[in-house]
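Structure, as structure tokens:
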Amino acid sequence: MHTTFRRRTLALATLATLAAALFAGGAALAQDKNTLKVGVSVGNGEQIFEVVKKVAARDGLNIQVVVFNDYQLPNAALASGDLDANAFQHQPFLDNQNKARGFDIVPVGLTITAPLGFYSRKIKAIDQLPDGASVGIQNDPSNGNRALLLLQTAGLITLKPEAVKNNTATPLDVVSNPKKLKLVALDAAQLPRSLDDLAIAAINNDYAEKAGLSLDRDAVIKEAPKSPYANLIAVRRADKDKPWAKRLVAAYQSPEVKSFIETQFKGSLVPAF
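Once you know that position 22 of the sequence shown is 21 in numbering that gives the first Met the number 0, the rest is easy, because the numbers rise by one and skip nothing.
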């Protein structure tokens, strides 16, 4: 009787352990998602994610792409829960948005580097830039800083060393401007439409592509292919360790996507993974 009781007790304990394990596994699966809404910027982001979607589908992950034409919107949509992730920005931009707007958004994987270029409808080479020319740069802090650094690299201006070190340069940090260039800060999306009024303008790759501009063919100044401005996939901090976030990154960083980027964009975009 006593032995039978012990056997029943052990059997029940084993079943309880098995049930707990199955419950834990089920709970983990329940926390995962098979459908994600991902925000991307207009242009090359859309093209790349068509390939990402196909790769992810093989893993049972359905990606719904939401396209934005304004850099100020995707992080707000992510923070509010309208998106599960976004893929459009580099780390300095994300850092600034988190600080300025109180977001708690973190990177989970790298995507591409999109070299920044200055474009013109009035000159063919930067040595043709006249004195007193109007030069368009982005009005958001991270991309504006990036444009100013590129102007300094081209020898057109000199910035305060502290601003360069901290990546916080603004037009107020210009200490030497021998050509007396007029720096005009505009919304990034507006810069391509303002080329007729500016001598040159810094235009991010996705907006340049939408305007029919090619970095290799049309830029009068351009960043080196490898730069610190690698774009990334971002999620809310609470989601950074979720299985679906890892699956999304794996789909993007697949050999198929890398090959597509290298073949399709021929150096105007560079895989950062």
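Where a beta carbon is used, it is the ideal one built from N, C-alpha and C, also for glycine.
Residue of the options minimising C-alpha distance to residue i
{"i": "K239", "options": "A218, G101, A99 and L77", "result": "L77"}
{"i": "T262", "options": "V50, L148, V248 and L158", "result": "V50"}
{"i": "V39", "options": "N74, V174, K159 and G116", "result": "N74"}
{"i": "L128", "options": "A168, E161, K178 and L182", "result": "K178"}
{"i": "N230", "options": "N61, N33, L115 and K98", "result": "L115"}
{"i": "A99", "options": "F67, D139 and L155", "result": "D139"}
{"i": "F272", "options": "G266, K265, F264 and V248", "result": "V248"}
Sequence-distant residues of the same chain with beta carbon closer than 8 Å to residue i, five excluded per side
{"i": "Q137", "result": "G143, R145, A146, A184, L185, D186, A187, L190, A201 and N203"}
For residue j and residue i, believed in contact at Cβ under 8 Å, the rounded distance
{"i": "P91", "j": "S141", "result": "4 Å"}
{"i": "V269", "j": "P224", "result": "5 Å"}
{"i": "I232", "j": "I111", "result": "Not confirmed; about 11 Å, so no contact."}
{"i": "L82", "j": "L60", "result": "Not confirmed; about 15 Å, so no contact."}
Cβ-based neighbour list, residue i, same chain, cut-off 6 Å, excluding 5 preceding and 5 following
{"i": "K197", "result": "Strictly speaking, residue 197 in this sequence is Leu, with Lys absent from that position. Correct list, in chain order: S133 and G135."}
{"i": "S253", "result": "V54"}
{"i": "Y228", "result": "H89"}
{"i": "V234", "result": "A84, V107 and A244"}
{"i": "D58", "result": "R246"}
{"i": "A20", "result": "Because the pLDDT of A20 is 41, which lies under 50, any placement of that residue in the model is unreliable, and the question is left without a value."}
{"i": "A250", "result": "V51, V54 and A55"}
{"i": "L194", "result": "R120 and A200"}
Which residues DSSP lists as bridging residue i, in chain order
{"i": "N104", "result": "Note on identity: in this sequence residue 104 is Ile, with Asn being the wrong assignment. Partner(s): R235."}
{"i": "V64", "result": "V37"}
{"i": "S253", "result": "S253 is not bridged to any residue."}
{"i": "G116", "result": "I202 and K221"}
{"i": "L109", "result": "L231"}
{"i": "N95", "result": "Beta-bridge pairing links N95 to no other residue."}
{"i": "S133", "result": "K181"}
3 or more residues per run - each beta strand (DSSP E) lying fully within the region 155-233: Runs of the beta strand (DSSP E) inside the region 155-233: 173-175, 181-185 and 199-202.
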